[in-house]
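Taking it in order: structure first as structure tokens, then the write-up.
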Amino acid sequence: MTTLAYEVTAREHYRHELDALRQAGLFKEERFIHAPQGAEIDVEYPAGAPLRRVVNLCSNNYLGLSSHPDVVAAAREGLEARGYGMSSVRFICGTQDIHRELERRLTDFLGTEDTLLFPSCMDANAGVFEALLGEQDVLIADRLVHASIVDGMRLCKAPHDTFKHSDMEHLEEKLKEHQDKRFRMVVTDGVFSMDGDLAKLDAIVSLAERYNAMVCVDDSHATGFIGRTGRGTHEEKGVVGRIDIITTTLGKALGGASGGCVSGRAELVGICRQRARPYLFSNSVAPVIVAGALKVLELVGRSTDRRDTLAANTVRWRAMLAQAGFDVKPGESPIVPVMLYNAKLAQEVARDLFAEGIYVVGFFFPVVPQGQARIRTQMSAAHGPRHLERAIDAFVKVGRTYGILGKGRKEIVQQYGA
Amino acid sequence: MDELKRVILDYVKKEYLDDTDDRELAADTCLITGGIVDSFSMVSLKRFLERKYAIQIPDAEATPAAFDTVNSIADVVTRVQARSGAVGKVTAS
Chain A
822 MTTLAYEVTA REHYRHELDA LRQAGLFKEE RFIHAPQGAE IDVEYPAGAP LRRVVNLCSN
882 NYLGLSSHPD VVAAAREGLE ARGYGMSSVR FICGTQDIHR ELERRLTDFL GTEDTLLFPS
942 CMDANAGVFE ALLGEQDVLI ADRLVHASIV DGMRLCKAPH DTFKHSDMEH LEEKLKEHQD
1002 KRFRMVVTDG VFSMDGDLAK LDAIVSLAER YNAMVCVDDS HATGFIGRTG RGTHEEKGVV
1062 GRIDIITTTL GKALGGASGG CVSGRAELVG ICRQRARPYL FSNSVAPVIV AGALKVLELV
1122 GRSTDRRDTL AANTVRWRAM LAQAGFDVKP GESPIVPVML YNAKLAQEVA RDLFAEGIYV
1182 VGFFFPVVPQ GQARIRTQMS AAHGPRHLER AIDAFVKVGR TYGILGKGRK EIVQQYGA
Chain B
56 MDELKRVILD YVKKEYLDDT DDRELAADTC LITGGIVDSF SMVSLKRFLE RKYAIQIPDA
116 EATPAAFDTV NSIADVVTRV QARSGAVGKV TAS
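Read top to bottom, the protein sequences are chains A and B. Mapping of the first sequence onto my numbering: residues 822 to 1239, in sequence order. Mapping of the second sequence onto my numbering: residues 56 to 148, in sequence order.
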């Protein structure tokens, strides 16, 4: 068989890249889960290894609804009633009554004026800025926004700028600097995915109103459980109705399947419906997911029990870690980062915790800033006291092995390097 | 350290380091590959230099590699200034 020279060159190039990732310890490996998503799962890792039953501390299943029987039943009914797929984008022949119903229900839940579904929140973020802004405008983003926002901003013709994480003085400087632009849009996460802290949305909205800017919030790590009734960061910070655009996901607390949305001012959402390319050029969210998400919204609208359990678990888990002597990033969300600073240490601690039956992942540069390696633990309403007790026992055992209990950044860095 | 490098270094410290950041920066410190400045946020430095020195740095020259140290950034500015004949012209900012 004849092989073209360029094919060989390209394959060698990518083979070397893969080897380089492995050598640098940056190669990502999937762990195969042989169970529905939940507080305890059966994991095959590494590939071919016998299954281990582990406590799951690293999913975004915040409300424990990913495998809830009512949600599964509603999805099954949706499958029967509306079929498996639409074989079309929304605006050609892919919009069912339940798509519009879900958009209405999300609008009510988020306290906005209109909502547009996307295949994912990644797609919502990829489409929203390019649809709304042009060269004469500017996007001003918090430096720790999610990668999908960065990509969305890069796809947009509007120039962009950034401000130091949650630094309102720096944001104000930037807003002053860009007063010559037609429109300004401040962009932030509601809850930051790696640190778990909440954006100062009240201060951001005040500044935006003072300097005539729009505000866009990605509330993916908040929708369903942050705020008194789980509406999100805007509810927690008392600014419902004052956010121009909220992007969020159905892929975390709201059932965890997939799908996302742009929700906000009617005109802005209306323009997205006309121009946002990921909406225009990819298939409708599958009916089965829409039916499941409608049930999820019914459940979270009916009671705050799950949100309250999650909040209680978060308080308890933070206290357990702090009492054991771990260096925990302060915060209020169910994202609880255990700081280890050193990338190798974070990977080794995660590996040893897995051996103890606790599923966590180490995060390090470039996912988090250099010298800020950590294990991100995430609470769920599905966790019961026995899960937390089992988890803290394992954390303490592994923490003792590495001699990190009771130590802060300076001592850990001294011992292991940054 | 010459004046141009001093100006760049001062801006980098003010724009990219938090008050609590105790990292020491020098003209040869790797800013992007060292994780101090992300390539996405680098745009404010480019805009600052263009305004201060009344130059236009082509995007092709404002690469992460060219903006990785104060030394290499100063080289870019000097090269663009030489090309545009605007050496020494500084605007208020």
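Note that CB positions come from ideal geometry on N, CA and C, so glycine has one too. Everything numeric in this text was worked out from a predicted model, so none of it was measured.
Which residues in the same chain have their Cβ closer than 8 Å to the Cβ of S148 (chain B), if we skip the five residues on either side of it in sequence?
Here residue 148 (chain B) is taken as the residue at index 93 of the second sequence, counted from 1. Residue confidence for S148 (chain B) is low, a pLDDT of 44 falling below 50, so the modelled location carries little weight; the figure read from the coordinates is stated next. Only F103, R106 and K107 meet the Cβ criterion.
Spatially closest choice to R1123 (chain A) from A:E993, A:Y883 and A:T1050, by CA coordinates
Along the first sequence, read from residue 1 onward, the residue named residue 1123 (chain A) stands at position 302. The candidate whose alpha carbon is nearest that of R1123 (chain A) is A:T1050.
Going along the segment 96-118 of chain B in order, which residues come within less than 7 Å of chain A, judged by CB to CB distance?
S96, V98 and S99
Check each candidate in A:V1219, A:V1083, A:C977 and A:E865 and name the one with the smallest Cα separation from Q955 (chain A).
Here residue 955 (chain A) corresponds to residue number 134 of the first sequence, with the count starting at 1. The amino acid at residue 955 (chain A) is misidentified as Gln; the sequence shows Gly. Measuring from the Cα of G955 (chain A), the nearest candidate turns out to be A:C977.
Compare the C-beta of V1234 (chain A) with all C-beta atoms of chain B and state if any pair is closer than 9 Å.
The count along the first sequence starts at 1 and reaches residue 1234 (chain A) at position 413. Closer than 9 Å: no.
Counting only beta-carbon separations shorter than 9 Å, does D123 (chain B) have a partner in chain A?
Within the second sequence, residue 123 (chain B) is the residue found at index 68, counting from 1. Chain A, which has no Cβ nearer than 9 Å to the Cβ of D123 (chain B), makes this no.
Based on DSSP bridge pairs, tell me the residues matched to A782 (chain A).
The question about residue 782 (chain A) has no answer here: the residues shown for chain A are numbered 822 through 1239.
Three-pair Cβ contact test at 8 Å for the segment 1169-1187 of chain A versus the segment 1210-1219 of chain A:
yes
For R1211 (chain A) versus I1179 (chain A), is the C-beta distance shorter than 9 Å?
Here the question's residue 1211 (chain A) lines up with position 390 in the first sequence. Here the question's residue 1179 (chain A) lines up with position 358 in the first sequence. In this structure, I1179 (chain A) lies closer than 9 Å to R1211 (chain A) by Cβ.
Taking buried to mean at least 16 other C-beta atoms within 10 Å of its own C-beta, is D76 (chain B) buried or exposed?
Position 21 of the second sequence, counted from the first residue, corresponds to residue 76 (chain B). Exposed, because fewer than 16 other Cβ atoms sit within 10 Å of the Cβ of D76 (chain B).
Smallest Cα separation from G869 (chain A): which of A:G915, A:N882, A:I854 and A:A860?
Walking along the first sequence from the start, residue 869 (chain A) turns up at place 48. Among A:G915, A:N882, A:I854 and A:A860, the Cα nearest to that of G869 (chain A) is on A:I854.
Which residues of chain D have a Cβ atom closer than 9 Å to the Cβ of F1186 (chain A), listed in chain order?
Protein chains A and B are contained in the structure displayed, whereas chain D is not.
Counting only Cβ pairs nearer than 7 Å, list the residues of chain A close to D73 (chain B).
Walking along the second sequence from the start, residue 73 (chain B) turns up at place 18. Within 7 Å Cβ-Cβ: K985.
Who are the near neighbours of A962 (chain A) in its chain, counting only those whose CB is closer than 6 Å to its CB and skipping five residues on each side?
As a working mapping, residue 962 (chain A) is identified with position 141 in the first sequence. Closer than 6 Å at the Cβ level, and outside the excluded window around A962 (chain A), lie T983 and V1008.
Using a Cβ-Cβ cutoff of less than 6 Å, which residues in the same chain neighbour R1003 (chain A) once the five nearest sequence positions on both sides are dropped?
For the purposes of this step, residue 1003 (chain A) is identified with residue 182 of the first sequence, where counting begins at 1. Hits under 6 Å: Q957 and D958.
Hey, does G1238 (chain A) have any beta-carbon neighbour from chain B nearer than 9 Å?
As a working mapping, residue 1238 (chain A) is identified with position 417 in the first sequence. Cβ-Cβ to chain B under 9 Å: no for G1238 (chain A).
Where the alpha helix (DSSP H) containing T928 (chain A) begins and where it ends:
As a first step, residue 928 (chain A) must be located in the first sequence, where it is residue number 107. Taken as a continuous stretch (DSSP letters only), the alpha helix (DSSP H) holding T928 (chain A) covers D918 to L931.
Thinking C-beta only, is A1202 (chain A) closer than 9 Å to I1092 (chain A)?
If you number the first sequence from 1, residue 1092 (chain A) lands on position 271. If you number the first sequence from 1, residue 1202 (chain A) lands on position 381. No, the Cβ-Cβ distance between I1092 (chain A) and A1202 (chain A) is not below 9 Å.
DSSP bridge partner residues for I1225 (chain A) (one or two, in chain order)
Locating residue 1225 (chain A) in the first sequence gives position 404, counting from the first residue. Looking at the DSSP assignment, I1225 (chain A) forms no beta bridge with any residue, so it has no partner.
Is there at least one Cβ from chain A nearer than 9 Å to D83 (chain B)'s Cβ?
Counted from its first residue, the second sequence places residue 83 (chain B) at position 28. Taking Cβ atoms only, chain A never reaches closer than 9 Å to D83 (chain B), which makes this a no.
May I have a chain-ordered list of the alpha helix (DSSP H) segments no shorter than 4 residues that lie completely inside the segment 853-922 of chain A?
890-903
Could you tell me which chain B residues have their CB closer than 7 Å to the CB of H981 (chain A), listed as they occur along the chain?
Taking the first residue of the first sequence as 1, we reach residue 981 (chain A) at position 160. Simply V98.
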